[in-house]
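Residue numbers (the working numbering): 1 to 598. Have a look at the structure below, then the notes.
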Amino acid sequence: MYCGDEGKCVPLESIIYDVGKIYDIVNLDIFDSYDYVFYENGDNEIFETGDNLYDIGYDEIIDVCNPDCSNKKCGDSDGCGGKCNINTCGDNAICLDYKCTCLEGYLNCDEDWNNGCEINSTNDHNNCGYCKNSCGNNAYCKDSNCYCDYKFRNCDEDWVNGCEVEVDNALIWNFKADYYAFPSAMVIDNDGNLILCGCFNGSKIEFGNSNFTNKGGYDIFLVKLDKNGNIIWTKIIGEEGNDCAYGLAVDTSNNIYITGSFDSNNISFGEAKLWTNGGKDIFVAKYDYEGNVIWAKSFGGDGSDIANSIIVDSLNKTIYIVGSFMSSEMSIGNQILINNGGRDIFISKFNDNGWHIWSKSFGSDGWDEGLIINLDNSNNIIVSGYYDSSSINLGGDNLANQGLKDIFIAKFDLSGQHIWSKSFGGSLREEPSSLFVDNENYIYLTGYFSSPVIRFGGVEHKNKGLDDGFVLKLDENSNYLWSINISGEKNDYVKCIYGGEDGLLFFSGYYNSSEVKLGDISIPNSGENDIFLASINKNGEPIYIKNFVGNSDDIVSAMVVNNENFTYLSGFTLSTMLNFGDCPIYNNSGIFLLKYKK
């Protein structure tokens, strides 16, 4: 053996070039020079490379090696050819590159390796994610992040005092974006989880504690959350162009279907890469409940083609999409749809493996678009949209346009055969926004009208400003039952409608009139576009209307209601402060998600 500085010893054979000669051991990383100190009975002797060591006895060298592992790094030499005990790193730790290292998710907060990495930072309330990071009161630690207990909010965004505000009926979440981000659709699966889709065109967007980068133009987002707004998984899809998701559906097995359009040269859904045909093409994709892509399809022509809405028939394992196309020809499966001029409407049916079954197209010389699709309880197809052609035929009688842009609604059977169709309009522009069918096959349609007067089944509604919102109820044979409007002196829109338990209906939108009314209930405006949520019974009688105000534009664009009559609203805000009650959110742009029950 050969002992060096500070009692460090190495095997003799590792440094001897030949018997009795000291080998050049600079690469052994023991000393910084070529001089070595030999400790013998307390006396130091200097040896240099090449010195004769015949006078050194092996036993003498062994005697002066007194290894001590107490101050050595894990796995280091004990100075006499052995290794220090790597278990000195303690529990939940490993020796990596001669250093004790905590296993993923664990922390050595007391800096004592004898007891190892004693903190599980993934669920430790007082050391969440990193040492001494307490989640505070009314909060818990999950996956190294702090979350509020149900019905509590961290309004001041300071986890030291935890979730300081208890809210009885409104929970809000904010997903920050540095530019525009638009939720297009939201659904609830059978486990009560939320799925939200849309697109964003800022450089990045934040979901939960993760930031996602935009690749150019608009990119698609698909997010799954639990019922309390916690992120389960997030998918971002897109390339250099404008790619956006508009329609979303879920089946009884919690598989997710998404549709929209893309004009990037290609986009990828998992391993499935879709290529554009030259213009803006349509995509349809299926995910399982864990966010894995099952299949993805695309179709389109040389023009701008868009899918706006999708619905699933779980009983018959089929899906339907509706949209419009500007391509002179659009091939879907083995079918070619011919454009009659401008933009035409299409409806397509696929099985749940993505194979095309049939497609229909409708349109004339103008701009005609299918916006919404739904199913009744007999799995008949109900479609709504608008047309600015002079007339349109959806398989029945010609529907004449009353002005610039009229609303149509039509019903088809499983084979795509026309059952009925009708239209509504005045002298200017009207457009539908959402469609709901209840368990008695009553149909509820929302939208806006800008005409001075519009008639739904003989009942006249007068416009009080620019654009006014409406809710319309029809029976399963398209007979008029009732209608209401939301109106003021400016622009007021009803964007979403959904049915709840006990025959209740919920609808939402936004307005910039100084005041709007539902029956005798009025709500004021803060000065920009404000969000409202309203509830009515099945006869159209008001229950409540509530507004949520900010200091800039706030727009709602997606809504669902669960089986406990909790309403989830999502949209986009530019407000630096958006108030949903006891706990405002502070941000200059981004997506909001609200859970509300009156």
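Note that beta-carbon positions come from the ideal geometry of N, C-alpha and C, so glycine has one too.
Whole-Å CB distance - residue i paired with residue j, under 8 angstroms assumed
i	j	result
N565	K597	6 angstroms
D492	V516	5 angstroms
L533	L569	6 angstroms
E431	I407	7 angstroms
Y257	I319	6 angstroms
L225	I232	6 angstroms
G590	T573	6 angstroms
Top-ranked residue by Cα proximity to residue i, from the options
i	options	result
R343	E329, C141, C244	E329
A558	I220, G216, G229, L248	L248
A285	D553, G354, Y179, T276	G354
S552	N525, N529, Q335	N529
G458	L435, G425, W159, D263	G425
Y289	K273, T234, I220	T234
H461	C496, W482, I443	W482
D251	N190, F572, F507	N190
N126	Y511, D226, Y147, S421	Y147
K317	K349, N334, S309, V437	K349
F456	K464, K151, F470	F470
D376	S331, I443, K360	I443
E601	S384, K227, I220, S514	Nothing can be reported for residue 601, as the shown portion of the chain is limited to 1 through 598.
A296	I267, K99, Q335	I267
G270	G238, T446, C117, W420	G238
Simplified DSSP assignment, three categories, for residue i
i	result
K598	coil
C95	strand
V560	strand
C244	strand
W355	coil
V223	strand
G370	strand
C89	helix
N211	strand
N161	helix
D502	helix
N266	strand
N115	helix
Y150	coil
N398	strand
N579	strand
V167	coil
C155	coil
C-alpha distance - residue i paired with residue j, whole-angstrom precision
i	j	result
G363	G291	37 angstroms
G488	D467	9 angstroms
E45	C89	Any answer about E45 is weak, because its pLDDT of 45 lies below 50 and its placement is not dependable; what the coordinates show is given next. Going from the Cα of E45 to the Cα of C89 covers about 36 angstroms.
L472	W275	40 angstroms
G366	G278	23 angstroms
N477	Q417	15 angstroms
D178	L593	17 angstroms
I338	C141	57 angstroms
D413	N193	31 angstroms
I604	Y130	Given a span of 1 to 598 for the chain in the structure shown, any question on residue 604 remains unanswerable.
E157	D554	21 angstroms
C244	I321	15 angstroms
S378	G229	33 angstroms
S184	D475	27 angstroms
S327	D263	13 angstroms
K490	G465	5 angstroms
A272	Y287	12 angstroms
Delimiting residues of the beta strand (DSSP E) encompassing residue i
i	result
S309	305-313
S384	381-387
K405	That residue, K405, is in no beta strand (DSSP E); it is neither H nor E in DSSP.
L435	430-437
Q335	335-338
E460	459-462
F350	344-351
L569	567-573
C197	194-200
Y493	492-499
M326	Note, M326: premise wrong, no beta strand (DSSP E); not H, not E.
L518	515-518
V549	542-550
A177	Run containing A177: none; DSSP gives neither H nor E here.
H125	Per DSSP, H125 belongs to no beta strand (DSSP E) and is neither H nor E.
N393	391-393
L466	Per DSSP, L466 belongs to no beta strand (DSSP E) and is neither H nor E.
Residue i CB to nearest heavy atom of the ligand MG below 7 angstroms
i	result
L96	Looking for the ligand MG in the displayed structure turns up nothing, as the structure carries no ligands at all.
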